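Numbering (my numbering), first residue to last: 7 to 180. Don't be surprised by glycine CBs; every beta carbon is placed ideally from N, CA and C. This structure is a prediction, so every number in the text was calculated from the model and none was measured. In what follows, a structure is listed as structure tokens, so that the remarks can point back to it.
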Amino acid sequence: MKRISLLIGLLLLLGACGSEGHSIQEPTFEDLKEHAHIVKSASESNVFVDFTSYGYTDDAKFRSFSGTEIESNDIRAGSLIDYEDTGAIAESYPSQGTIKSLTLYDDERSKRFEKGIAHLLSNQDTNAFIGYKLLALEGDELIIEFTDYFNADVVYNASINIETLEYETTQIRG
């Protein structure tokens, strides 16, 4: 009888641990700021992120933050991603590299940020800017930074209201 009780207790404990391991917690803004990269543009064969245009290896792995498999065409301008590249970067401008794995942030917070960033990107000359990154979140105002493509000394901030999608761009350096 003790063995059965012990076995049942052990199974309940393992069950509780197992269900906890499958729960995906939404990343905090600080997590996103540290790990997420803003996609400037994307196609089925490449993605432009940070200061680099990346192609994909033939066996590139695409998944969402929640763990589901995705396709390269699920990535679009404004998406928040994390990626692993092959390490080889061509020193052209912009740089060129190859991605071997990519994770799309698909939690509700990231989707709201993506919508606001995509709105900004669709309403500005994206060829003129490069190196988008998350800076701060102040209430409903998402603040991102980006650089002039033709003059890396010129840096801008954009404050995007993630509810109304209104934005304001300010030159902060250069």
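Mind checking whether residue i and residue j have CB atoms under 9 Å apart?
i: D112; j: S72; result: yes
i: L110; j: D80; result: yes
i: Q102; j: Y60; result: yes
Within 10 angstroms of its Cβ, does residue i collect 16 or more other Cβ (buried), or is it exposed?
i: G180; result: exposed
i: T58; result: buried
i: T34; result: exposed
i: I44; result: buried
Just the Cα atoms here: how many angstroms apart are residue i and residue j?
i: H125; j: Y162; result: 17 Å
i: Y89; j: A142; result: 21 Å
i: Y173; j: I95; result: 33 Å
i: G50; j: S85; result: First, the residue type needs correcting, since residue 50 is Glu and not Gly in the sequence shown. Their backbone Cα atoms lie some 14 Å apart in a straight line.
i: T3; j: S47; result: Outside the shown range of the chain (7 to 180) lies residue 3, about which nothing can therefore be said.
CB-CB under 7 Å to residue i, same chain, minus the five flanking residues each way: which ones, in chain order?
i: D146; result: N167, I168, E169
i: S107; result: A66, K67, Y89, E90
i: D56; result: H43, G137
Bridge partners for residue i per DSSP, in chain order?
i: F152; result: Y162
i: Q177; result: Y162
i: R69; result: E75, T109
Excluding five sequence neighbours on each side, which residues of the same chain lie with their C-beta closer than 6 Å to the C-beta of residue i?
i: K39; result: L140
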